[in-house]
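Protein chains: 2
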Amino acid sequence: MKKVPHRLYLTEDQLPKQWYNLRADMKEQPDPLINSATGKPAVESDLYPVFCKELAHQEMDSETRYFDIPEEVQEMYKIYRPSPLVRAYNLEKALGTPAKIYYKFEGNNTSGSHKLNSAIAQAYYAKKQGLTSLTTETGAGQWGTALAEACAYFHLPLTVFMVKCSYEQKPFRQAIIRTFGADIIPSPSNTTEAGRKILAADPDNTGSLGTAISEAVEKAVSSDGCRYVLGSVLNQVLLHQSIIGLETKTAMEMLDEYPDIVIGCAGGGSNLGGLIAPFMQDKLTGKADPRIIAVEPASCPSLTRGKYAYDFCDTGKITPMAKMYTLGCEFKPSPNHAGGLRYHGMSPILSKLYHDGYMEAVSVEQTKVFEAATMFSKLETILPAPESAHAIRGAIDEALKCKETGEEKTILFGLTGTGYFDMTAYTAYMNGTMTDYIPSDEDLQYGFDKLPKIPGVQE
Amino acid sequence: MKKVPHRLYLTEDQLPKQWYNLRADMKEQPDPLINSATGKPAVESDLYPVFCKELAHQEMDSETRYFDIPEEVQEMYKIYRPSPLVRAYNLEKALGTPAKIYYKFEGNNTSGSHKLNSAIAQAYYAKKQGLTSLTTETGAGQWGTALAEACAYFHLPLTVFMVKCSYEQKPFRQAIIRTFGADIIPSPSNTTEAGRKILAADPDNTGSLGTAISEAVEKAVSSDGCRYVLGSVLNQVLLHQSIIGLETKTAMEMLDEYPDIVIGCAGGGSNLGGLIAPFMQDKLTGKADPRIIAVEPASCPSLTRGKYAYDFCDTGKITPMAKMYTLGCEFKPSPNHAGGLRYHGMSPILSKLYHDGYMEAVSVEQTKVFEAATMFSKLETILPAPESAHAIRGAIDEALKCKETGEEKTILFGLTGTGYFDMTAYTAYMNGTMTDYIPSDEDLQYGFDKLPKIPGVQE
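Next up, the structure:
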């Protein structure tokens, strides 16, 4: 066994030069997107009004196993990558567990998370196609910051629709996104038809990722030279985020390590899908059999309590429909502090893998998540984002099981980002005013009842 | 010439195991501290009521060239170090300069700055001596956060006096310091004699580092098992911070590089003194002759417009007196946004080196600093702290001179930290409401007139 440093950084030469497309190794593919206008499976060109062409291609290509990372994208990756693989010695010691705990830390960049990995790729392809502006939505603000950084780098104007409750909880997120030169609008807003409709029905609506997506897509399709980009859920995003897992696997190989358990927080699936990619490849191809665990908030439990069904990706029902675990696009998530996990659906790739038994999922309550976050920060000197802390909670729970059984398992989790803009949430936790919210079966039924009907596919 | 990666991280094995004490190579020593009660040079034991013994020893020892870094301190360093040496390729390109620009980035930890390097050492020695609590002051909040992290790690209760105007500008800093378990009090406060005196004379006083130091020292000396710790100015702090320069020099050697110019922001001198340490050693011992430049705020220009004189380190005049460049401990700095540079004096070591011609100093206005910060963030995807951005401004100005002369100089600067808690300042800059403040000669004279009189030393 090699001596394991606290932090292992790959060298620049070791950085991946290709992304890995998990679909190429899946025995069964996720069901195709359905064009909501025709009720038929979408083809690549159906996506061109919304996504730039190369990204539409990546979205639909389930066969190409590796995609070259463009030179320009590699150049920007090198500004903040590699991210470290960290051995959580202090956490292990404090828990008294025989397990070895590793985490891949993606928070060492100004966006504060892994989101930059896909933002750069998406901004690059848009610029290359000659587009003149982009729109997006953001929940917690990490994706919005990441895309603002990428657009500043590639000189592309950007409008960000930010979920209103996050916008209000995180005043400084607005400032940082504006520092990078982007416009930011709290959603629902009266700048779009989708936003006006929602506000007319419910003037106090605090927003959701689904609503913000509707607004951003509407603005993109109704503006010249403008496209929409999304930080999670999509196949293209999982492709770009595979860099997390590829780096992690290389680093673990250098340490002669392999994870028995891989754990990630799950909102739309961007980090989880990226982190697990090469380990899931091993599982799909029979080379190894790690347990893979998604940790989601109990307040928005798409995998653990959702339905595997076709649904819209947005609340305004203007996107194509995807087969995924969903709470229904009209499900109203509580204003939980992990804004980045407050999404009604889950990546179609991850949904399919979960459905086929390749992954597990657990849900956790936010006070338990902040308990883990606070413990972790004192031991590892990183204040985690609430989203990331879901994975910490999951890792701690697995490490404590190892303590009971005495098993020396190797646990790997994704620490997606930092919580420096989440101090309102930490304050609520410290002051004892944070509450947990678990939707009732009736709450969920409300969303399920409104799932779309698609003749011949989903009645 | 070796290929230079964007970011170079040393391996854990390469991390320094000793700190370097710059005084051991100085031909002339800084003048001794003077005990304000006796008017005589202070001896080590004079410091015991304020500092723990090992730190008092480090403060006074001008002969030992290298101090071993205790194992326990090395262990905590490994949680967040090494920090990367970054080649600012994008900044170079945007400036069109032939200069090569490197920066040592110390912001990749939750304290957001280099301050953690000394906080860990100070908390460790306090714990080792059996102390049961610590007090400190913080300006921008980075030192307070760093010490809160270190005290959480070593299980030591901590009270932080935070300069009131920073406390109000940065609400989330309070939350993060409390998350790590420390108490935080805005200064001046009515919890100390020093604070009450200042508030009685000026109820609207927005505080200063000098005042916060008075309060923290008073609380420490009046509480059992309690000592005071300070994040800058002191010799011991420069000793601990030498790890910045030592790592940097090793990394540059790996690249076959040596800086022609070394630039750091200067408040009390902690980062600057640490970054330059091994390069100043080369200069003092005749091995090399880099230019060394301190960049300070025009609003608080201790080196460029101060007097080299004995002064108190605090406003309440309860500390020993140090010979340093000072604006007078009663100087009232404007509420400039670089709270960490708003200090009336400068490290006695750096003051002496500057006085003896080994260093240069420039002062810059804050709007120019934020212009540099905003430009840098878009190019290098790091949002810098306002303090750190002073060094960026200095580096850009030197790189632009190289553009004029065509010289391919190698410029190294210290990027001490991130500005995630400084968004109020960035917002003021973006909104055009930020103003510059340059003290008049009369403002400075006010401070100079109140410098202490010491019979036989300073009349």
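Protein chains in written order, with my numbering: chain A, 1 to 459; chain B, 1001 to 1459.
Built from N, CA and C at the ideal position, the CB exists for glycine as well.
Predicted, not measured: the structure shown is a model, and the values here were computed from it.
Going by the beta-carbon positions, is the gap between residue i and residue j smaller than 8 Å?
i                 : j                 : result
THR110 (chain A)  : THR136 (chain A)  : no
PHE1413 (chain B) : GLY1264 (chain B) : yes
SER363 (chain A)  : GLU253 (chain A)  : no
ILE1396 (chain B) : GLY1107 (chain B) : no
GLU398 (chain A)  : ALA338 (chain A)  : no
THR326 (chain A)  : LYS352 (chain A)  : no
THR64 (chain A)   : ALA24 (chain A)   : yes
THR168 (chain A)  : GLY195 (chain A)  : According to the sequence provided, residue 168 (chain A) is Glu. The question's Thr does not apply to it. It is not a contact, given that the beta carbons lie outside the stated cut-off.
LEU158 (chain A)  : SER133 (chain A)  : yes
SER1113 (chain B) : GLY1417 (chain B) : yes
ILE243 (chain A)  : GLY274 (chain A)  : yes
LEU238 (chain A)  : ILE349 (chain A)  : yes
ALA1148 (chain B) : GLY1181 (chain B) : yes
ILE1454 (chain B) : MET423 (chain A)  : no
LEU91 (chain A)   : LEU8 (chain A)    : no
TYR1124 (chain B) : PRO1070 (chain B) : yes
PRO259 (chain A)  : THR410 (chain A)  : yes
GLN1236 (chain B) : GLN1058 (chain B) : yes
ARG1227 (chain B) : LEU1131 (chain B) : yes
SER1347 (chain B) : MET1324 (chain B) : yes
Cβ of residue i versus every heavy atom of the ligand SAM: is any distance shorter than 7 Å?
i                 : result
ALA1140 (chain B) : The ligand SAM is not part of the structure shown, which contains no ligands of any sort.
Around the C-beta of residue i, are 16 or more other C-beta atoms found within 10 angstroms, so that it is buried, or is it exposed?
i                 : result
ASN117 (chain A)  : buried
GLU459 (chain A)  : exposed
ASP1013 (chain B) : exposed
ASP1356 (chain B) : exposed
ASN1190 (chain B) : exposed
LEU33 (chain A)   : buried
ARG87 (chain A)   : buried
VAL50 (chain A)   : buried
GLU1028 (chain B) : exposed
LEU234 (chain A)  : buried
SER208 (chain A)  : buried
LEU272 (chain A)  : buried
LEU55 (chain A)   : buried
HIS390 (chain A)  : buried
ALA373 (chain A)  : buried
PRO203 (chain A)  : exposed
ASP1046 (chain B) : buried
THR11 (chain A)   : exposed
TYR1006 (chain B) : Per the sequence presented here, residue 1006 (chain B) reads as His, with Tyr not at that position. When all chains shown are included, HIS1006 (chain B) counts as buried.
LYS1249 (chain B) : buried
Name the two residues that bound the continuous alpha helix (DSSP H) containing residue i.
i                 : result
LEU1444 (chain B) : 1441-1449
THR1250 (chain B) : 1235-1254
GLY130 (chain A)  : First-last for GLY130 (chain A): undefined, no H or E at that position.
ILE177 (chain A)  : 171-179
PRO186 (chain A)  : Looking at the DSSP string, PRO186 (chain A) is not in any alpha helix (DSSP H); the run it does join, the beta strand (DSSP E), is 183-187.
MET280 (chain A)  : 270-284
GLY144 (chain A)  : 142-154
Note the first and the last residue of the continuous beta strand (DSSP E) segment covering residue i.
i                 : result
GLN18 (chain A)   : 18-20
LEU1085 (chain B) : 1085-1087
Inset, instruction - Let me know the alpha helix (DSSP H) ranges lying completely inside the segment 291-372 of chain A, each 4 residues or longer, listed in chain order. - result: As for any alpha helix (DSSP H) of minimum length 4 sitting wholly inside the segment 291-372 of chain A, the runs are 302-305, 348-355, ordered along the chain.
Inset, instruction - Closer than 7 Å, Cβ to Cβ, to anything on chain A: give me those residues from the segment 1096-1113 of chain B, in chain order. - result: Listed in sequence order: ASN1108, ASN1109, THR1110.
Inset, instruction - Could you run through the segment 1159-1192 of chain B and flag, in chain order, every residue whose CB is less than 9 Å away from some CB of chain A? - result: Residues of the segment 1159-1192 of chain B with a Cβ closer than 9 Å to any Cβ of chain A, in chain order: PRO1171, PHE1172, ARG1173, GLN1174, ALA1175, ILE1176, ARG1178, THR1179, PHE1180, GLY1181.
Legend entry - Short-range partners of chain A found in the segment 1376-1399 of chain B, where Cβ spacing is below 8 Å: Within the segment 1376-1399 of chain B, the qualifying residues are SER1377, LYS1378, LEU1379, GLU1380, THR1381, ILE1382, LEU1383.
Legend entry - beta strand (DSSP E) runs wholly inside the segment 40-76 of chain A, at least 3 long, in chain order: Within the segment 40-76 of chain A, the complete beta strand (DSSP E) runs of at least 3 residues are 66-68.
Legend entry - Selection of the segment 1146-1160 of chain B by Cβ proximity to chain A, strictly under 8 Å: Result list: GLU1149, ALA1152, TYR1153.
Inset, instruction - Output, in sequence order along the chain, the residues in the segment 1110-1137 of chain B whose CB is closer than 7 Å to any CB in chain A. - result: The residues in question are THR1110.
Inset, instruction - Can you give me, in chain order, the residues of the segment 1063-1082 of chain B that have a beta carbon less than 7 Å from any beta carbon in chain A? - result: Along the segment 1063-1082 of chain B, going in chain order, the ones with a CB nearer than 7 Å to a CB of chain A are LYS1078, ILE1079, TYR1080.
Inset, instruction - Using a Cβ-Cβ cut-off of less than 7 Å, list which residues of the segment 1423-1447 of chain B approach chain A; keep chain order. - result: Listed by position along the chain: MET1423, TYR1426, THR1427, MET1430.
Inset, instruction - Quick one: which unbroken alpha helix (DSSP H) runs of 4-plus residues sit fully inside the segment 190-232 of chain A? Chain order, please. - result: Fully enclosed alpha helix (DSSP H) runs of 4 or longer: 193-201, 209-221.
Legend entry - Segments of 3+ residues assigned as beta strand (DSSP E) that fall wholly inside the segment 100-127 of chain A: Runs of the beta strand (DSSP E) lying entirely within the segment 100-127 of chain A, each at least 3 residues long, are 100-105 in chain order.
Legend entry - Selection of the segment 1249-1262 of chain B by Cβ proximity to chain A, strictly under 8 Å: Answer in chain order: no residues at all.
Legend entry - Contact list for the segment 1266-1294 of chain B against chain A, Cβ threshold 8 Å: None of the residues of the segment 1266-1294 of chain B has a beta carbon lying less than 8 Å from any beta carbon of chain A.
Inset, instruction - With a floor of 3 residues, list each beta strand (DSSP E) that falls wholly inside the segment 380-448 of chain A, ordered by position along the chain. - result: For the segment 380-448 of chain A, whole beta strand (DSSP E) runs of length 3 or above, ordered along the chain, are 410-415.
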